[in-house]
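Working notes, structure below.
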Amino acid sequence: MAAFMDPIITDNDNNGEAEEEDAFLGFIDYAISILTSDEKNDSDRDVESSRNYTGPSWNWIVSRIIKTCSAYSSGVTAAILLSDLSQAWNEQYQFGFWKRKPECITQLKKKHRRARLPNAVTIDSIYEKNFLSTSSILEAVVVDVFVLPGTNIYMLSLGDFWSSNTIDLYLHRRYYDLVDPVSPDNGILKKGREIFLTGCCLRTATEGSGCRRLLPTEYLVVLLDENQDEDAMLLGAQFCSDTFSSIPLDAVDSGASYSFYARIVSIGLIETHGRDGVQRRQITLVDDEGVSIKFFLWGEQVLLVNLFSVGGMLALDRPFVASAAESSMEMCEELCLEYGTLTQLYLVPFIQHEEQICVASTQNRFQGSRGLNAASHTQGPKVSQVTLPCNSEGTVDFSNYPFRSFVIDLHDKMTGVSLYGIVTNMFREIKTGETVFVLRMEDKTGAVTVKLQFVTSWSLGRLNLGHTIYISGLTCSMTSQKLIEGSWFEKDAGASLVNLSCLPSLLNSSCLHKLSCLSDLSGLTNITRICTVRLDQVEHFHVNSRLSHSLCGHVVNKMPNGYQQCNFCRCACDDEVISTFHLQIPLVDDSTKILAWCTGPTAAELLQISHDEYYELPEDEQAMYLYTLMNERFIVAIVNCSRQEESYGDTDNLDNLNQENGTVIWEIARALKCE
């Protein structure tokens, strides 16, 4: 494979290419202006939060819009999107509504520096939706501990940093020894204690009982603060005497109990074991002596992993010590730990360092759009620098960076980066045993190479040159040639890649596109154009049948050895081959006429017939059928698939991709029949 190129930086200030309006980007700017306007009008905002930009980030807005569009493939309106964005932001990410906060939460908030967990929900959202999934996470603060009158049942009244409501939890009996029955203010679970919990079920209000409560859950973790004398004493007295190396090999049979304090260094993926398909997660712990051990969670216990993060300190009280043979483990270690019936967990969360990042100059130069009444970027938040978390190695997490990132902004040691642009080249890297694809994408500031690593195989559906994509969860690093390169791992949290050119609701949502005439298309087009067109006469010889790889939608060839290989994935795919149309078709509107091509479901949509049904017709009936399609009206997404860097990368693969379109540069990425 050719050496990676530097990001290509271009100055498009005076280039007509930069003047093309992308209505999707325009709506994002518009939505940000609406939500940040609401924030500015909120007189109750927390004073400390107002020192830094706390509005919705550009990445969050895009991800939420795509999520809504995926849920409503028939189309959305601006009102639906804005309503969904506003509700989601107020539920999950808004830190400014401080109404009737218990004093203990207000005091804790002042020193709250911990990153929020994925899948965390707020108590307010539980009340609004009257629903709570068992996989949801609550980051709660104990507001009160009490006993239900006439019973011996302990209840915790819980609040959180983001809600004005509190909710009561029936405490699971395995945690009763953490409550002081004489003085509830003196136990470990007491007023002001932070806890993480998951696996909760909501008991909704019923006749005769007007309050909602959380039913008991076994999956509760108590948070400790090493800077608090009481917690430091607990850790020192209970968890610092036992080490992993002190566990005797006969510990399984001895029945002895242990308490360990160790750092979480890695969290494995979900694995399935046995005929019953029992799930398992592996957590690797390292104690102060540098000795590591595996801590396993089984079945429903895997929910607990959502409460942990790498770098945090885990205190395990009375874990079950198991042998490798008993746990059916295939590992070198003779002993491992499991979450037993008596086990209780305490967590000292990892506090990420923070770094002040100057806002890139591209925010003044390129941010903002003229689409959909979007406010000018001069009306946006005036922020010269933002605070972002970073690890001990200096890698900065850009997941919550407020603005859009451009290629020109990329540098070494960035993670959680999101980019929006078009694909100019892509191919599979065949010199590795892993499933790695190389993708070249560009925006108006330049181009960059991204390596996509999949767990098993390509899983993103059809993607082609010229398609507009949004990719999140990128990590940027410097190669040995001193070039910036992006890496994307399918399994990473927050990693996604969406092909907007093929997004069904893009055609159905007038707020997300601007209709173009065919005469607006030019060889410089660098956005997905949406056009209303009519079909001209479809010639019989322009309709062909080809074999396609069902995973990626690209052409399959039969090899000399008899196997079938995907041109793009470069792998044998005999069990994943489907027959599909490959169509060249003339499109017309009131301005001009062009020849375009398409394949797969898009071609079937234009022909209004499935591949198998069409080829069951006699040849003369096929020609007659095609004639009946003349002047049928469609709304189509058109891309320029000739935009590629021929001097870069795998030229053989470019030839393979070019076989799909021949000399026709316009691809119909998506089509919808006009009613």
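Using full-length UniProt numbering, read the sequence shown as starting at 1 and increasing by one per residue. Even for Gly, the Cβ is constructed at its ideal location relative to N, Cα and C.
- Using a Cβ distance threshold of 9 Å, Arg-213 and Leu-202 count as a contacting pair.
- When the five nearest sequence neighbours on each side are left out, the beta carbons in the same chain lying within less than 8 Å of the beta carbon of Cys-517 are those of Cys-531, Asp-589, Asp-590, Ser-591, Thr-592, in order along the chain.
- Taking 9 Å as the cut-off, the beta carbon of Gln-385 is found no closer than this to the beta carbon of Val-423.
- The DSSP assignment places no complete beta strand (DSSP E) segment of no fewer than 3 residues inside the stretch 449-477.
- In this structure, Phe-350 places its C-beta atom within 9 Å of the C-beta atom of Gly-311.
- Residue state for Trp-597 is assigned as strand, using DSSP reduced to three classes.
- In the three-state reduction of the DSSP assignment, Gly-446 falls in the strand class.
- Using a C-beta cut-off of 8 Å, the stretch 569-584 makes contact with the stretch 532-551, since at least three inter-stretch Cβ pairs fall below that distance.
- Burial check for Lys-129: the Cβ neighbour count within 10 Å stays below 16, so the residue is exposed.
- By the beta-carbon neighbour count (other beta carbons within 10 angstroms, threshold 16), Asp-231 is buried.
- The alpha helix (DSSP H) runs of length 4 or more contained entirely in the UniProt domain "Cell division control protein 24 OB" (158-287) are, from start to end of the chain, 229-239, 251-254.
- A direct Cα-Cα distance of roughly 12 Å separates Glu-605 from Arg-633.
- For the 9 Å CB-CB criterion, Tyr-170 and Met-155 form a contact.
- DSSP lists Glu-354 as the bridge partner or partners of Pro-389.
- Annotation: Gly-236 to Phe-437 spans about 49 Å, alpha carbon to alpha carbon.
- Take the alpha-carbon of Lys-413 and the one of Cys-69: they are about 32 Å apart.
- As the crow flies, the alpha-carbon of Trp-458 is around 14 Å from that of Gly-433.
- Under DSSP, Asn-544 forms a beta bridge with His-582.
- Here the C-alpha atom of Ser-245 lies approximately 9 Å from the C-alpha atom of Asp-287.
- Shown here, Tyr-563 sits in coil according to DSSP, grouped into three states, outside any helix or strand.
- Excluding residues up to 5 positions away in sequence, Gln-622, Ala-623, Leu-626 lie with their Cβ nearer than 7 Å to the Cβ of His-540 in the same chain.
- In this structure, Val-455 and Lys-491 form a Cβ contact; the two beta carbons are roughly 6 Å apart against a cut-off of 8 Å.
- Around the beta carbon of Phe-131, a 10 Å sphere encloses fewer than 16 other beta carbons of the protein chains shown; the residue is thus reported as exposed.
- A Cβ-Cβ contact shorter than 9 Å links Leu-158 with Val-141.
- In the structure shown, Leu-497 adopts extended strand secondary structure according to DSSP, grouped into three states.
- Beta-bridge pairing by DSSP links Tyr-154 to Val-147.
- Burial check for Lys-444: the Cβ neighbour count within 10 Å reaches 16 or more, so the residue is buried.
- According to DSSP, residue pairing for Ser-292 in a beta bridge involves Val-286.
- By the neighbour-count definition (other C-beta atoms within 10 Å, threshold 16), Gly-299 is an exposed residue.
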